[in-house]
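Protein chains in written order, with the numbering used here: chain Y, 1 to 193; chain X, 1001 to 1193.
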């Protein structure tokens, strides 16, 4: 049995992105991904269930980081601030070095309805976990749901802007802008009579 | 050729929901749906592309109603209020008589990952259209995106509460509560430094 090599999953991921972007997602096989970096199909399947999974690898860790950020927030932090700060804390994941591959990944996902739906599902799952985590901190049921859903929307908008062509600001700066825009919009709004 | 009968789509929808709920979505065929109300498979496919479509029939009209509400809002209405009011205006769609079948439909969708993803996709598409509609009213790019995504989140939360067992309030009242909760949360939040 081959020895586990650190970094193998990351090498396979980079190779997969490259092939998906140049050849197309549908026309790329797991075997080709593995072979392009001198590995076997068997090694590929030791790391990933299927080629789709390559694109979503690491997202659970990302969700866990957001939830950890929420769990570690000061007790008196408001729910929306708590979520916004937890999102800002993702900046090391979404580093400047990551932006190019995040762009490539987004282009691949945007081009394939099934992948888009998987992406939407991941965000929806995150919102549910976020709400549970806020509730565990004592936030009321409706407030937790609204803060989690809104916070997930802020995450989606911020990520979308961060990967835009020409965008050079850091991830935390973009989250701050989007969160600030939400507060500004809410400040101009009134409860519906 | 059979004469077009008004209400046929609605009869097929009601029959489909009944069968999906009792027998299971996977185990119900289009032919069975049609036969259960004395119609032919051919009639079914004149109204719906496939059995999945039965569950999403009418949603485009719903989206269009929301967008119309936004288009018709007073010029000086804030983007979040505009969306909240457009959602409240859906109350005739989500009437008290509709609640039972909306509950059944939700249970069927919640039980099937592919249907859930379709549902998420429909909401995501609505958010994109909402943002475009707000931009067409002169709302800035980021504000339009944030208001549309947040408004769609409010819609999702409100709908989820409206169909809960035991909920008896009208749809507009639930939207008002959720929108108010968002404003209250935002009022307690501060821009991230």
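C-beta atoms are modelled at their ideal positions from N, C-alpha and C, and glycine is treated no differently.
Candidates the options: closest to residue i by CA position
{"i": "residue 1107 of chain X", "options": "X:1040, X:1055, X:1042, X:1151", "result": "X:1055"}
{"i": "residue 1045 of chain X", "options": "X:1127, X:1030, X:1140, X:1105", "result": "X:1030"}
{"i": "residue 1168 of chain X", "options": "X:1059, X:1095, X:1075, X:1049", "result": "X:1095"}
{"i": "residue 65 of chain Y", "options": "Y:126, Y:7, Y:102", "result": "Y:126"}
{"i": "residue 52 of chain Y", "options": "Y:63, Y:97, Y:41, Y:109", "result": "Y:109"}
{"i": "residue 1102 of chain X", "options": "X:1075, X:1077, X:1059", "result": "X:1059"}
Check whether residue i and residue j have beta carbons under 9 Å apart
{"i": "residue 92 of chain Y", "j": "residue 147 of chain Y", "result": "no"}
{"i": "residue 1192 of chain X", "j": "residue 179 of chain Y", "result": "yes"}
{"i": "residue 67 of chain Y", "j": "residue 17 of chain Y", "result": "no"}
{"i": "residue 1166 of chain X", "j": "residue 187 of chain Y", "result": "no"}
{"i": "residue 133 of chain Y", "j": "residue 1185 of chain X", "result": "no"}
{"i": "residue 171 of chain Y", "j": "residue 158 of chain Y", "result": "yes"}
{"i": "residue 1123 of chain X", "j": "residue 1156 of chain X", "result": "yes"}
{"i": "residue 1115 of chain X", "j": "residue 1025 of chain X", "result": "yes"}
{"i": "residue 1043 of chain X", "j": "residue 1034 of chain X", "result": "yes"}
{"i": "residue 1145 of chain X", "j": "residue 1131 of chain X", "result": "yes"}
{"i": "residue 1162 of chain X", "j": "residue 1061 of chain X", "result": "no"}
{"i": "residue 8 of chain Y", "j": "residue 19 of chain Y", "result": "no"}
Residues near residue i in its chain [Cβ-Cβ closer than 7 Å; skip 5 each side]
{"i": "residue 1082 of chain X", "result": "1070, 1073"}
{"i": "residue 13 of chain Y", "result": "54, 57"}
{"i": "residue 143 of chain Y", "result": "79"}
{"i": "residue 1 of chain Y", "result": "For residue 1 of chain Y, the pLDDT reaches just 45, beneath the cut-off of 50, and the residue's location in the model is therefore unreliable, leaving the point undetermined."}
{"i": "residue 1063 of chain X", "result": "1126, 1129"}
{"i": "residue 141 of chain Y", "result": "135"}
{"i": "residue 1041 of chain X", "result": "1030, 1031, 1034"}
{"i": "residue 183 of chain Y", "result": "none"}
Burial state of residue i, where buried means 16 or more other Cβ atoms lie within 10 Å
{"i": "residue 1189 of chain X", "result": "buried"}
{"i": "residue 181 of chain Y", "result": "buried"}
{"i": "residue 1164 of chain X", "result": "exposed"}
{"i": "residue 1085 of chain X", "result": "buried"}
{"i": "residue 1117 of chain X", "result": "buried"}
Nonlocal neighbours in the same chain, by C-beta distance under 6 Å from residue i, ignoring five residues either side
{"i": "residue 1088 of chain X", "result": "1172, 1175"}
{"i": "residue 1104 of chain X", "result": "1017, 1021"}
{"i": "residue 1139 of chain X", "result": "1079"}
{"i": "residue 1015 of chain X", "result": "1033, 1036, 1037"}
{"i": "residue 1177 of chain X", "result": "none"}
Chain-order list of residues whose beta-carbon lies under 8 Å from that of residue i (same chain, five-residue window excluded)
{"i": "residue 1112 of chain X", "result": "1025, 1026"}
{"i": "residue 1011 of chain X", "result": "1037, 1039"}
{"i": "residue 50 of chain Y", "result": "30"}
{"i": "residue 77 of chain Y", "result": "85"}
For the segment 1033-1102 of chain X, which segments carrying the alpha helix (DSSP H) assignment without a break, of at least 4 residues, lie completely within its bounds, in sequence order?
1041-1047, 1051-1056, 1059-1071, 1079-1088
Which whole runs of the beta strand (DSSP E) in the segment 1121-1186 of chain X are 3 residues long or more, in chain order?
none
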